[in-house]
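What follows is one structure encoded as structure tokens, with my remarks underneath.
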Amino acid sequence: LTRCFTNSIEEILNIIGFWFYLEIGSRVNKAALIFTGIVSIQFMMRNTSPIGWIPLLFIKVFRDGAFVPFLISAVTVAVPVVGFALYFDSWYYSKDLPTFEWTSTGFNFLKVNLLEGLSKYFGVQPVWFYVGAYAPSIFTVAYPAVMFSIYFYTKETWAKGQSPEMMYATIFYVVIFSLIAHKEDRFLLPIIAFCFL
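Residues 20 to 216 (this note's numbering) make up the sequence shown, in order.
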């Protein structure tokens, strides 16, 4: 239950974060600071959370010139959020130890699951599993409509001369997570809302 709850919080933060993402320009503004705070909190909850934001950050930096706002936001918001979370995790995991030890749960997650490959003990699925098995089980009879709406939204957005950034995030997220051997249907929760729009 806790794991699904975390993925649901990721989804909510994605929706709120996307609202502020759209307001980020070439100058530092409240939206850039709030967006950075949201992504930082997501990252500290689950370090795979920001994966869908990667192509969107490139778009903002290279198309909209938002490098300086992101840099300032990283220093003023992300560093304190990450620092506080690292301290809190370290305090929590050290409370039964004789001395304080720094603990990075995100690094430990990457080390154990990806570098040491221990996630395979929870199951290994083929690359196509999200698109061919988990997405149909989540969307059920609406799956064909969801696939059509993703295509239609992207086509219509391009026709208007706009960028289908929700789809870039969704597709990038699915591709990257498909490359990871261990898959769970709950890992798709953060992008479900974008698929329905």
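Beta carbons are placed, not taken as given, at the ideal position from N, Cα and C, and that holds for glycine.
Review point. Where do the ends of the alpha helix (DSSP H) carrying D108 lie?
Key: V98 to S113 is the span of the alpha helix (DSSP H), which, as asked, contains D108.
Review point. Which residue comes first and which comes last in the alpha helix (DSSP H) that contains P88?
Key: Going by DSSP, P88 is part of the alpha helix (DSSP H) stretching over F86 to S92.
Point to revise | Residue-chain proximity (L90, chain B), Cβ-Cβ < 8 Å | key: No chain B appears in the structure shown, which is made up of a single protein chain.
**Study point:** Collapsed DSSP secondary structure at F119 in the structure displayed
**Key:** Of the three classes helix, strand and coil, the one that applies to F119 here is coil, per DSSP.
Review point. Considering only residues of the same chain and omitting the five flanking positions on each side of I53, which have a CB-CB separation below 7 Å?
Key: Taking I53 as the centre and dropping the five residues before and after it, the same chain places the C-beta of F39 closer than 7 Å to its C-beta, in chain order.
Review point. Sorted by chain position, which residues of the same chain lie with C-beta nearer than 8 Å to L208's C-beta, five sequence neighbours on each side aside?
Key: The answer, listed in chain order, is C23, N26, S27, E29 and E30.
Check your understanding: If we ignore side chains and look at the alpha-carbon of each, how far apart do P145 and K139 end up?
Key -> C-alpha separation (whole angstroms): 12 Å.
Exercise for review: Can you grab the Cα-Cα spacing for the pair S156 / M166, in whole Å?
Suggested key: A straight-line Cα-Cα distance of about 14 Å links S156 and M166.
Exercise for review: Taking A212 as the reference, give the member of L198, H201 and M186 with the closest Cα.
Suggested key: Answer by Cα proximity: M186.
Check your understanding: Is it the case that the CB of K130 approaches a heavy atom of the ligand GDP more closely than 7 Å?
Key -> As far as ligands go, the structure on display features none, and thus does not contain the ligand GDP.
Practice item. Could you have a look at S45 and say whether DSSP puts it in helix, strand or coil? Key: In this structure, S45 counts as coil in the three-state DSSP scheme.
Exercise for review: Check whether the Cβ atoms of Y83 and G36 lie closer than 8 Å to each other.
Suggested key: Correcting the residue type first, residue 83 is Asp in the shown sequence and not Tyr. No Cβ-Cβ contact shorter than 8 Å links D83 with G36.
Practice item. Taking all protein chains shown into account, decide if T189 is buried (16 or more other Cβ within 10 angstroms of its Cβ) or exposed. Key: Under this definition T189 is a buried residue.
Check your understanding: Based on Cα-Cα distance, which residue from I199, I195, F215 and K202 lies nearest to I70?
Key -> Distances from the alpha-carbon of I70 to those of I199, I195, F215 and K202 put I195 closest.
Exercise for review: Find the nearest neighbour of E135 within the set P99, A200, R65 and S92, judged by alpha-carbon distance.
Suggested key: Among P99, A200, R65 and S92, the Cα nearest to that of E135 belongs to A200.
Exercise for review: Can you grab the Cα-Cα spacing for the pair F191 / I73, in whole Å?
Suggested key: A straight-line Cα-Cα distance of about 8 Å links F191 and I73.
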